[in-house]
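Asks: If you count the sequence shown from 1, position 108 lands on 108 in UniProt numbering, and the numbers rise without skipping.
No residue lacks a Cβ here, since even glycine has one placed at the ideal position from N, Cα and C.
Quick caveat: nothing in here was measured; it's all calculated off a predicted structure.
Structure provided below as structure tokens; questions to follow.
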Amino acid sequence: PGQRGGDEQANDGDNQEASNTEDYDDLCNLETVTEESILEALRQRFYKLKIYTYASNILIAINPNKFLPVYYNPKYVKMYENQPLGKLNPHIFAAADVAFRTMLNRQVNQCIVISGESGSGKTESCSYLIHCLTALSQKTYSSGLERIILGAGPVLAIFGLL
Ligand SMILES: Nc1ncnc2c1ncn2[C@@H]1O[C@H](COP(=O)(O)OP(=O)(O)OP(=O)(O)O)[C@@H](O)[C@H]1O
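As structure tokens, then:
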């Protein structure tokens with residue numbers, strides 16, 4: 001998945017675009033794969049407020065430490081619905097949609113693993129995933145189910161389960 005250079009679909013927040021550096025939305029497209037080139041590619045994207053990048057079907061998210069409305073506008077759930085991973089710009093809603101569709105198509109439970117160091121944004125990412133999954137399953141954006149699932153988070157965290 002992922003195309004090199006293109007970021008046409010979800011770039012409302014890219015007003016600061018000015019870099020000449022090639023923009024890779026999938027690290028698999030890097031010509032040279034080293035720790036340095038990977039970090040540089042992620043850094044260049046982060047400067048443009050592109051916090052999500054693919055490494056094939058893995059989604060890398062960098063904590064922006066501020067709310068980015070461009071990413072979490074409700075229209076994005078709809079936009080990423082039924083789209084193959086990599087067709088549109090990297091996004092956590094794309095990961096949610098793929099898991100949801102695969103579950104429905106194959107009738108097999110799906111699992112999304114969120115990994116990262118403390119403070120990297122796992123809980124926040126989990127909330128966005130649940131937001132997207134409840135919206136996809138209920139076809140509504142003001143779901144009580146989302147509130148109930150998210151409400152269970154702090155209780156699970158107390159027992160070290162989240
Ligand atoms: N995608 C994001 N957009 C905006 N802010 C974010 C995002 N991800 C994380 N943050 C900010 O970073 C803070 C820490 O993130 P979060 O609590 O999700 O980290 P964590 O990986 O779950 O940490 P821990 O492992 O210590 O529980 C959040 O409270 C939020 O302010």
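Roughly how many angstroms separate the alpha carbons of residue 111 and residue 67, rounded to a whole number?
Replies: As a working note, residue 111 is residue 111 in the sequence shown. As a working note, residue 67 is residue 67 in the sequence shown. Spanning the two alpha carbons is a distance of roughly 26 angstroms.
Asks: When DSSP labels each residue in this structure, what does residue 155 get in the three-state scheme?
Replies: Numbered from its first residue, the sequence shown carries residue 155 at position 155. In the structure shown, residue 155 sits in a helix (DSSP, three-state: H, G or I).
Asks: If contacts are defined as beta-carbon pairs under 8 angstroms, then residue 98 and residue 88 qualify, I think. What distance do you get, rounded to the angstrom?
Replies: In the sequence shown, residue 98 corresponds to position 98, counting from 1. In the sequence shown, residue 88 corresponds to position 88, counting from 1. The pair is not a contact, with the Cβ atoms about 12 angstroms apart (cut-off 8 angstroms).
Asks: What is the DSSP secondary structure of residue 26, reduced to helix, strand or coil?
Replies: Taking the sequence shown and counting its residues from 1, one reaches residue 26 at position 26. Here residue 26 sits in strand by DSSP.
Asks: Under the criterion of a Cβ to heavy atom distance below 7 angstroms, does residue 65 qualify as lining ligand 1?
Replies: To locate residue 65, count along the sequence shown from 1; it is residue 65. Yes.
Asks: Quick one: does the C-beta of residue 32 sit closer than 7 angstroms to a heavy atom of ligand 1?
Replies: Counting from one through the sequence shown, the residue named residue 32 turns up at place 32. No, the beta carbon of residue 32 sits no closer than 7 angstroms to any heavy atom of ligand 1.
Asks: Answer yes or no: the CB of residue 123 versus the heavy atoms of ligand 1, is any distance below 7 angstroms?
Replies: Taking the sequence shown and counting its residues from 1, the one referred to as residue 123 is at position 123. Residue 123 Cβ: within cutoff of ligand 1.
Asks: Quick one: what does DSSP say residue 59 is sitting in, helix, strand or coil?
Replies: Taking the sequence shown and counting its residues from 1, one reaches residue 59 at position 59. Residue 59: strand per DSSP, three-state reduction.
Asks: Alpha carbons only, please: which of 130, 151, 28 is nearest the one belonging to residue 94?
Replies: Looking up residue 94 in the sequence shown gives position 94. Residue 130 is the option with its Cα nearest to residue 94.
Asks: What beta strand (DSSP E) runs, 3 residues minimum, are completely inside the segment 24-111?
Replies: 52-55, 58-61
Asks: What residues in its chain sit with their C-beta under 7 angstroms from that of residue 121, if we drop five residues either side in the sequence?
Replies: The residue given as residue 121 occupies position 121 in the sequence shown. Correct list, in chain order: 61, 63.
Asks: Is it buried or exposed, residue 51, if we count other Cβ atoms within 10 angstroms and call 16 or more buried?
Replies: On the sequence shown, position 51 is the one that residue 51 refers to. Label assigned to residue 51: buried.
Asks: Skipping 5 residues on each side, what residues in its chain have a beta carbon closer than 7 angstroms to that of residue 114?
Replies: Here residue 114 corresponds to residue number 114 of the sequence shown, with the count starting at 1. Excluding positions up to five away in sequence, the list reads 122, 125, 126.
Asks: For residue 164, verify whether its CB is less than 7 angstroms away from any heavy atom of ligand 1.
Replies: Past the boundaries of the shown model lies residue 164; the chain is included only from 1 to 162, so the question cannot be answered.
Asks: Decide if residue 104 is buried, meaning its Cβ has at least 16 other Cβ atoms within 10 Å, or exposed.
Replies: The residue given as residue 104 occupies position 104 in the sequence shown. It counts as exposed.
Asks: Would you mind stating whether residue 96 and residue 39 have Cβ atoms separated by less than 8 angstroms?
Replies: Translated into the one-based positions of the sequence shown, residue 96 becomes position 96. Translated into the one-based positions of the sequence shown, residue 39 becomes position 39. Cβ atoms of residue 96 and residue 39: not closer than 8 angstroms.
Asks: Which value, in whole angstroms, describes the spacing of the CA atoms of residue 108 and residue 101?
Replies: The sequence position of residue 108 within the sequence shown is 108, counting from 1. The sequence position of residue 101 within the sequence shown is 101, counting from 1. Going by the C-alpha atoms only, they are around 10 angstroms apart.
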